[in-house]
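Participant: Sharing a structure below in C-alpha cells format, with a few things to ask.
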C-alpha cells in the first residue's frame, strides 16, 4: 500500500511519502512515490502517487515526455516548442489540470481491461508546489482526473492508508503551524501508519517548499534507522505511553 | 458505520460498542449493536454486531427464537425441549458455532438478492462470554459463519471502523492489563474513532465480565455528556497535545 501526506501551511508546503509497493502480500517492492521538478527561484513542483502503480508511472512518464519534447525543440518554429508542460503552465491550478488530464488518459487506456481482469485502476496523486508570482498550492487528483485543493479549513491532503495517521494531523495542524512543528507532525503521522500497516514501509521521501521560495528547502530520503526520524518515533512512543499512564484508571468495576 | 471492540484479558472481558447506523449519510439512525444474555452465576454472553443491519438483526432474532422455543417447551417430551441455544451449548466455542450457523443461514437467504441490487450483505459479529466450568473466551464471526478467537498474542477483537482506535490498543493492551486500565483504553480507542468518523456515534454500550464470574460485572449505556467518558476524552485530548508538545520541533530547515 502507500501513505503520502502533504501539508499546505501559511509557511509553506511539507510532503512526506513512504516507498513500499505490493501486488499481493507476497510481492513487496520498493518504488519511490515522490517526484520533484525544480527551476530554482522560478518553480518547484512535487508529486506523490498512490494506487495502481502502472497508472501513476504512466502519468509521471507523460509529464517527463512533454518536458523532454519541449526541451528538445530546436527553436521557436519547432511545433514542440509550444508543448505545454508543468514547468510552463501559467498557474499551479493549470499544473493540476495537466496532471489530471494525464491521469484521465491512462485510466481511459487501461481501466476496462484491468476491470475485466478483476483488477483496480484506481489511483490518486497529490500535486503541490509554487511558481514565481503565484501562491504555493496543493491539490489532490483523483482517478477521473478531477481534483480538489487543500484550504485553510483542511490544510492537509492524504492518499493511500490515511486513517492511522489522520488523528494527529486533525489535532495539531492548522494553517499557522510553523514548518519545524509540521515536520514533527508528519513524522508522527507516518510513524503511526508504519506501526499499524505493514504494507507501508521505509525508506521515506521528504520535501519542503517555503512560502515565496520557488525551490526545495529540503528534499531528502529518510532511510531505516535515520537518527532524526528514529528519535521522533521513540520520543512519541514514550510520550504516548506517559500520556495514557497520566490518565486515571476507571475504578469501581 | 460502527465501531465495536472486545478485549479478552486474563482478568476478564471488556466490550464497548457505539450505536450509530446509517444507510447513506442522509439516513442515520440509532440501533443498539450490543446484545447480552445472562443466567447469573452460570453463564454470561455478549454479542456485538457490525455490517448489514438486516443480517445481524436476523441472527439475533434467530438466537432469541431458539431460546423462546426451548423456554416454552411444556416438558422434556416436547421436541422443543431439546432445542440447542446459546444458553444450553456446552462450550463458548459451540456458542460461536451457533452464531456462525445463524449468520450463514441469513447470508444464504439474502446475499444473492442483495448483491443483485448492488448492496453488501457483509456482516461480522463478536461473541464473548463465559459459562460455568469454562474459560472466558471471545470470538469474531465472519459473514460465511467461520470465526477466529482472541489469543494472548492479540488479546482484542474489533469490528467496523477499526483503524482509528487500533494504535492505542496495539500500544497498551496485553493479556495482563487489569480491567480498570482496560476500560480506560477502550474509552480512548472509541474516543479516537468518534472524533475521526462521523458515522460512529454516541451513545455507547459497555459490558464487563470478570474472569471466573459468570455474570455481568458492568452493563451500562454511556450517553452523550457522560461524566466518566467525557473526563477521559478531555484528559486524553490534553495529554496528547502535551505529548506532542513535549517532543522537540525539527529545526534546521
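Chains as they are written, first to last, in this note's numbering: chain A, 301 to 553; chain B, 301 to 553. By construction, the Cβ of each residue, glycine as well, lies at the ideal position given by its N, Cα and C atoms. Being a predicted model, the structure only gives us computed values, none of them experimental.
Is residue 447/A helix, strand or coil when you go by DSSP?
Facilitator: If DSSP states are grouped into helix, strand and coil, residue 447/A belongs with the strands.
Participant: I believe residue 318/A touches residue 336/A by the beta-carbon criterion, under 8 Å. Please report the beta-carbon distance rounded to the nearest angstrom.
Facilitator: Residue 318/A to residue 336/A, Cβ: 16 Å. No contact.
Participant: State the beta-bridge partners of residue 423/B as determined by DSSP.
Facilitator: According to DSSP, which records beta bridges pairwise, residue 423/B is partnered with 351/B.
Participant: With H, G and I counted as helix, E and B as strand and the rest as coil, what does DSSP make of residue 408/A?
Facilitator: Note: residue 408/A maps to helix in three-state DSSP.
Participant: I need the DSSP call for residue 387/A, collapsed to helix, strand or coil.
Facilitator: Reduced to three states, the DSSP call for residue 387/A is coil.
Participant: Using the DSSP secondary-structure output, state which residues sit across from residue 338/B in a beta bridge.
Facilitator: Answer is 344/B, bridged to residue 338/B.
Participant: Figure out for me which residue from 503/A, 309/A, 412/A, 321/A has the closest Cα to the Cα of residue 428/A.
Facilitator: Here the closest residue by C-alpha is 309/A.
Participant: Which residues in chain B sit within 7 Å of residue 480/A, going by Cβ to Cβ distance?
Facilitator: Neighbours of residue 480/A on chain B, chain order: 549, 550, 551, 553.
Participant: Grouping DSSP H, G and I as helix and E and B as strand, with all else coil, what is residue 479/B?
Facilitator: Helix.
Participant: Enumerated in chain order, which unbroken segments of the beta strand (DSSP E) with a length of 3 residues or greater are wholly contained in the stretch 487-526 of chain A?
Facilitator: The qualifying runs are 504-510, 518-522.
Participant: May I have the straight-line CA-CA distance separating residue 519/B from residue 356/B, to the nearest angstrom?
Facilitator: Using only the alpha carbons, I get a separation of about 21 Å.
Participant: Contact criterion: CB-CB distance below 8 Å. Does residue 523/B meet it with respect to chain A?
Facilitator: For residue 523/B, the answer is no, since every Cβ of chain A falls outside 8 Å of its Cβ.
Participant: How many Å lie between residue 376/A and residue 417/B at the Cα?
Facilitator: Cα to Cα, residue 376/A sits roughly 58 Å from residue 417/B.
Participant: Counting only Cβ-Cβ distances shorter than 8 Å, please list the residues of the stretch 453-482 of chain A near chain B, keeping chain order.
Facilitator: Here the close residues are 463, 464, 466, 467, 468, 470, 471, 472, 478, 479, 480, 481.
Participant: Beta-carbon of residue 542/A versus every beta-carbon of chain B: anything under 8 Å?
Facilitator: With 8 Å as the cut-off, residue 542/A counts as an interface residue toward chain B.
Participant: Answer yes if the stretch 348-366 of chain A comes into contact with the stretch 537-551 of chain A, meaning at least three C-beta pairs across the two stretches below 8 Å, and no otherwise.
Facilitator: The stretch 537-551 of chain A is not in contact with the stretch 348-366 of chain A.
Participant: Quick check: is the beta carbon of residue 395/B nearer than 8 Å to any beta carbon in chain A?
Facilitator: It does not: the Cβ of residue 395/B has no partner Cβ on chain A nearer than 8 Å.
Participant: For residue 488/A, which residues in chain B fall below 9 Å Cβ to Cβ?
Facilitator: Ordered by position in chain B, the residues that pass the 9 Å Cβ test against residue 488/A are 544, 547.
Participant: Could you work out which residue in 382/A, 495/A, 450/A, 316/A is closest to residue 533/A when comparing CA atoms only?
Facilitator: Nearest of 382/A, 495/A, 450/A, 316/A to residue 533/A, Cα basis: 495/A.
Participant: Would you please state the rounded distance, in angstroms, between the beta carbons of residue 465/A and residue 499/A? I believe it to be under 8 Å.
Facilitator: With 8 Å as the limit, residue 465/A and residue 499/A do not qualify as a contact, their Cβ atoms being about 14 Å apart.
Participant: I'd like to know whether the C-beta of residue 535/B is nearer than 8 Å to at least one C-beta of chain A.
Facilitator: For residue 535/B, the answer is yes, since a Cβ of chain A falls inside 8 Å of its Cβ.
Participant: Roughly how many angstroms lie between the CA atoms of residue 539/B and residue 382/B, to the nearest whole one?
Facilitator: The straight-line gap from Cα to Cα measures roughly 55 Å.
Participant: Could you have a look at residue 327/A and say whether DSSP puts it in helix, strand or coil?
Facilitator: Here residue 327/A sits in coil by DSSP.
Participant: Per DSSP, residue 459/B is paired with what?
Facilitator: Residue 459/B pairs with 304/B.
Participant: Just verifying my parser: in three-state terms, what is the DSSP assignment at residue 434/B?
Facilitator: In this structure, residue 434/B counts as coil in the three-state DSSP scheme.
Participant: Under the rule that 16 or more other beta-carbon atoms within 10 Å means buried, what is residue 365/A, buried or exposed?
Facilitator: Its Cβ having fewer than 16 others within 10 Å, residue 365/A is exposed.
Participant: Is the stretch 456-473 of chain B touching the stretch 463-480 of chain A in the sense that three or more CB pairs, one from each, lie closer than 8 Å?
Facilitator: As far as the Cβ criterion goes, the stretch 463-480 of chain A touches the stretch 456-473 of chain B, which means the pair count is three or higher.
Participant: By the criterion of Cβ-Cβ separation under 9 Å, what are the contact partners of residue 508/A in chain B?
Facilitator: The contacting residues are 553.
Participant: Sort out for me which residues DSSP pairs residue 441/A with in a bridge.
Facilitator: Note: residue 441/A sits in a beta bridge opposite 425/A, 447/A.
Participant: Take residue 406/A and list the residues in its own chain whose beta-carbon comes closer than 7 Å to its own, dropping the five residues that flank it on each side.
Facilitator: Same-chain partners within the cutoff: 355, 358, 359.
Participant: Could you tell me which residues DSSP pairs with residue 377/A in its beta bridges?
Facilitator: In the DSSP output, where bridge partners are listed per residue, residue 377/A has none listed.
Participant: Quick one, which of 401/B, 434/B, 504/B has its alpha-carbon nearest residue 342/B's?
Facilitator: If we check each option's Cα against that of residue 342/B, 434/B comes out closest.
Participant: Using the beta-carbon of each residue, which ones in chain A are nearer than 7 Å to residue 518/B?
Facilitator: The contacting residues are 553.
Participant: Among the residues of its own chain, which have a CB less than 8 Å from the CB of residue 446/A, if the five just before and after it don't count?
Facilitator: So the list reads 400, once near-sequence residues are dropped.
Participant: Let me check understanding here. Comparing Cα to Cα, which of 479/B, 485/B, 530/B, 333/B lies closest to residue 517/B?
Facilitator: The candidate whose alpha carbon is nearest that of residue 517/B is 479/B.
Participant: From the DSSP output, which residues share a beta bridge with residue 312/B?
Facilitator: According to DSSP, which records beta bridges pairwise, residue 312/B is partnered with 309/B, 510/B.
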